[in-house]
Amino acid sequence: MYSFVPTGVCAKQILFDVTDGVIHDVQFVKGCPGSLSALSKLLEGKAIDDVISLLKGTLCGNKNTSCPDRLAEALEEIQNGNTAQYEVKPASSGFNPFA
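Shown next, in the form of structure tokens:
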């Protein structure tokens, strides 16, 4: 499971899995619930290359980014091997709130 804390958008956190280049279980914390819930369903099982090209550059209102654009940014980082900052690690007590 990966966790990304975006800036400049309404969502406070984006959680998702990537297995063999395919995205799964996308969850947006906060933000526009209807739109982001629908987006999560539409992205399930899609290749991250396709998701990046589809979402990159998407704008929200007068902002220079959006929740989908920020997800594409995180996916690019993971695709480039920069995964450590996004990986969810269990707490030292063994409790994982994302399990």
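With the numbering used here applied, the sequence shown covers 4 to 102. Note that beta-carbon positions come from the ideal geometry of N, C-alpha and C, so glycine has one too.
Reference residue i; option with closest CA among the options
{"i": "residue 28", "options": "14, 15, 38, 43", "result": "43"}
{"i": "residue 9", "options": "40, 80, 84, 73", "result": "73"}
{"i": "residue 37", "options": "14, 7, 57", "result": "14"}
Inter-residue CB distance, residue i and residue j (contact presumed, cutoff 8 Å)
{"i": "residue 25", "j": "residue 59", "result": "Actually they do not touch by this definition, with Cβ atoms about 18 Å apart."}
{"i": "residue 69", "j": "residue 21", "result": "That pair is no contact at about 20 Å."}
{"i": "residue 54", "j": "residue 75", "result": "7 Å"}
Assigned exposure category for residue i - 16 Cβ within 10 Å defines buried
{"i": "residue 77", "result": "buried"}
{"i": "residue 45", "result": "exposed"}
Spatial distance of residue i from residue j (CA atoms)
{"i": "residue 52", "j": "residue 82", "result": "9 Å"}
{"i": "residue 65", "j": "residue 47", "result": "28 Å"}
{"i": "residue 5", "j": "residue 19", "result": "5 Å"}
{"i": "residue 79", "j": "residue 63", "result": "20 Å"}
{"i": "residue 7", "j": "residue 86", "result": "10 Å"}
{"i": "residue 16", "j": "residue 67", "result": "18 Å"}
{"i": "residue 71", "j": "residue 61", "result": "7 Å"}
{"i": "residue 23", "j": "residue 57", "result": "19 Å"}
- Message: Below 8 Å, how does it come out for the region 31–42 and the region 80–90: are there three or more Cβ pairs, yes or no?
- Response: No, the region 31–42 does not touch the region 80–90.
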